[in-house]
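Following: one structure in structure tokens, then a few remarks.
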Amino acid sequence: GEDVEQSLFLSVREGDSSVINCTYTDSSSTYLYWYKQEPGAGLQLLTYIFSNMDMKQDQRLTVLLNKKDKHLSLRIADTQTGDSAIYFCADSRGGKLIFGQGTELSVKP
Amino acid sequence: NAGVTQTPKFQVLKTGQSMTLQCAQDMNHEYMSWYRQDPGMGLRLIHYSVGAGITDQGEVPNGYNVSRSTTEDFPLRLLSAAPSQTSVYFCASSHKPGTGIPEAFFGQGTRLTVV
Chain A
379 GEDVEQSLFL
389 SVREGDSSVI
399 NCTYTDSSST
409 YLYWYKQEPG
419 AGLQLLTYIF
429 SNMDMKQDQR
439 LTVLLNKKDK
449 HLSLRIADTQ
459 TGDSAIYFCA
469 DSRGGKLIFG
479 QGTELSVKP
Chain B
69 NAGVTQTPKF
79 QVLKTGQSMT
89 LQCAQDMNHE
99 YMSWYRQDPG
109 MGLRLIHYSV
119 GAGITDQGEV
129 PNGYNVSRST
139 TEDFPLRLLS
149 AAPSQTSVYF
159 CASSHKPGTG
169 IPEAFFGQGT
179 RLTVV
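Chains as they are written, first to last, in our numbering: chain A, 379 to 487; chain B, 69 to 183.
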């Protein structure tokens, strides 16, 4: 989706933190999501944040939302090789999900 | 609980052939949608439905038809397949906003090749 933008690749070392960034344009978005896609599989919801929140933490995952700049980020603490996947941000509009291009996270041992 | 079921998982078509990709969900979700995934382009919305009898176009609807005669099923029809429709297709379903966790559930995908 051209209205949601992500960088395409990120490479980190095992044990480091990963930060995946996303920008969106629709200020009326109610929820913003992070999905994970492993090779050959469908999409799995990782976490979501309501648009009136600034931050949400869920175990190793931290989501930050800057509504003024329309910027969303996903931080994965202590990144593991099992976190290697494509990560999509998405915003919801009237029941539709608009996805970014996906960020391929590569975790090197 | 099966969730969202897509069939077939793989399909090869010749240019000009037609076919239907099936999608069924057993979660009584109001919303259903079809996406295609192409490298470097994320998931693009083809068609979506907010309830039985209601469908609407997404970002890339040309060459595809949908119908929603029941809450459970949302088939995607390719009218005359073209090589540009080679892609991985995902079906998703969710409750309408305001009714619980706003999570969209995805099928495992259909990998379609048009030769």
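Ideal Cβ placement from N, Cα and C applies to all residues, glycine included.
Where residue i falls, given that 16 or more other Cβ within 10 Å makes a residue buried
i, result
"residue 391 of chain A", "exposed"
"residue 459 of chain A", "exposed"
"residue 463 of chain A", "buried"
"residue 420 of chain A", "buried"
"residue 122 of chain B", "exposed"
"residue 441 of chain A", "buried"
"residue 395 of chain A", "exposed"
"residue 125 of chain B", "exposed"
"residue 433 of chain A", "exposed"
"residue 92 of chain B", "buried"
"residue 465 of chain A", "buried"
Partners in chain A for residue i, counting only beta-carbon separations shorter than 7 Å
i, result
"residue 177 of chain B", "420"
"residue 174 of chain B", "420, 421"
Chain B contact residues for residue i, given Cβ-Cβ distances below 7 Å
i, result
"residue 465 of chain A", "Within 7 Å Cβ-Cβ: nothing; residue 465 of chain A doesn't reach chain B, min ~11 Å."
Minimum Cβ-Cβ distance from residue i to chain A less than 8 Å
i, result
"residue 147 of chain B", "no"
"residue 78 of chain B", "no"
Neighbour flag for residue i against chain B, beta carbons, 8 Å
i, result
"residue 408 of chain A", "yes"
"residue 458 of chain A", "no"
"residue 478 of chain A", "yes"
"residue 386 of chain A", "yes"
Where residue i meets chain A, residues with beta-carbon distance less than 9 Å
i, result
"residue 171 of chain B", "411, 423, 426"
"residue 165 of chain B", "408, 409, 470, 472, 473"
CB contact flag (residue i, residue j, <8 Å)
i, j, result
"residue 83 of chain B", "residue 129 of chain B", "no"
"residue 446 of chain A", "residue 403 of chain A", "no"
"residue 180 of chain B", "residue 148 of chain B", "no"
"residue 411 of chain A", "residue 422 of chain A", "no"
"residue 118 of chain B", "residue 164 of chain B", "yes"
"residue 113 of chain B", "residue 474 of chain A", "yes"
"residue 382 of chain A", "residue 453 of chain A", "no"
"residue 429 of chain A", "residue 471 of chain A", "no"
Interface residues of chain A facing residue i [CB-CB closer than 8 Å]
i, result
"residue 158 of chain B", "420, 421"
Members of the segment 109-136 of chain B near chain A, C-beta cut-off 8 Å:
109, 110, 111, 112, 113, 116, 118, 126, 127
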